Amino acid sequence: MRIECQCGSRAVISRSKKEDDASVSLFCSCIDPECGHTFVSSLSFKHSLFVPASATPSASLGASVVGKRIVCSCGERACIQKTNRLSANVADLYCECSGCGHRFVMVRAFSHTLSPSAHTTEALALALIRSVTPSVRKTLHEQLALF
Ligand SMILES: [Zn+2]
Ligand SMILES: [Zn+2]
Numbered sequence: 001m002r003i004e005c006q007c008g009s010r011a012v013i014s015r016s017k018k019e020d021d022a023s024v025s026l027f028c029s030c031i032d033p034e035c036g037h038t039f040v041s042s043l044s045f046k047h048s049l050f051v052p053a054s055a056t057p058s059a060s061l062g063a064s065v066v067g068k069r070i071v072c073s074c075g076e077r078a079c080i081q082k083t084n085r086l087s088a089n090v091a092d093l094y095c096e097c098s099g100c101g102h103r104f105v106m107v108r109a110f111s112h113t114l115s116p117s118a119h120t121t122e123a124l125a126l127a128l129i130r131s132v133t134p135s136v137r138k139t140l141h142e143q144l145a146l147f
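Start counting the sequence shown at 1; every next residue gets the next number (UniProt numbering).
The structure is reproduced here in structure tokens:
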């Protein structure tokens with residue numbers, strides 16, 4: 001599955017961790033070395049769109065994540081048909097099971113940052129420098145000149 005970092009670059013999933021029956025944490029890292037953001041996204045089952053007639057009782061139908069794959073409750077692998085971005089941090093994934101035909105929605109949401117992006121740190125440092133008094137800025141300048 002495709003995951004994007006907040007900087008717009010692609011992110012790779014290093015591993016996944018099952019939180020409960022319906023949700024999984026995905027540990028992601030941005031592929032852009034200039035960014036280096038590592039974060040956790042959560043993926044959870046939202047609802048079914050189409051329940052195959054063979055599935056009874058339908059209430060028990062769901063999906064989970066095994067490794068980096070979405071797996072239907074029937075045990076077969078499901079494919080992501082469409083990704084619908086709801087906001088910068090939340091996306092609905094429309095999935096279809098290759099085995100039973102179960103169609104469902106998984107929701108992926110940004111959970112938290114593990115190590116901040118270099119872009120964020122840079123913006124923070126610049127904001128910090130802009131907010132200090134001229135004398136502090138002068139000291140800082142002298143300190144930086146040593147490098
Ligand atoms: Zn990034
Ligand atoms: Zn299935």
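Note that CB positions come from ideal geometry on N, CA and C, so glycine has one too. The structure presented is a predicted model; accordingly, all values stated were derived computationally and were not measured.
Span separating the alpha-carbon of residue i from that of residue j
i: Cys100; j: Gly8; result: 35 angstroms
i: Val66; j: Val136; result: 52 angstroms
i: Thr113; j: Ile13; result: 14 angstroms
i: Asp20; j: Ser44; result: 9 angstroms
i: Ala11; j: Ile31; result: 5 angstroms
Pair within 7 angstroms by beta-carbon distance, residue i and residue j
i: Val71; j: Ser60; result: no
i: Phe110; j: Ser41; result: yes
i: Glu96; j: Arg103; result: yes
i: Thr38; j: Ser115; result: yes
i: Ser29; j: Lys17; result: no
Three-state class that DSSP yields for residue i in the structure shown
i: Glu142; result: helix
i: Ser111; result: strand
i: Arg2; result: coil
i: Glu122; result: helix
i: Leu128; result: helix
i: Ser117; result: coil
i: Ser60; result: helix
i: Val40; result: strand
Supposed close pair residue i, residue j - CB separation, criterion 8 angstroms
i: Lys46; j: Val105; result: 4 angstroms
i: Arg77; j: Ser54; result: Contact flag wrong, Cβ pair sits at about 17 angstroms.
i: Leu93; j: Arg69; result: Wrong, their Cβ atoms sit about 12 angstroms apart, outside the cutoff.
i: Gly36; j: Ser117; result: 6 angstroms
Open item on the list: Please enumerate, following chain order, all residues with a beta carbon closer than 6 angstroms to at least one heavy atom belonging to ligand 1.
Closed with: Having a Cβ closer than 6 angstroms to some heavy atom of ligand 1 are Cys5, Cys7, Ser9, Cys30, Asp32, Cys35, His37, Ser117.
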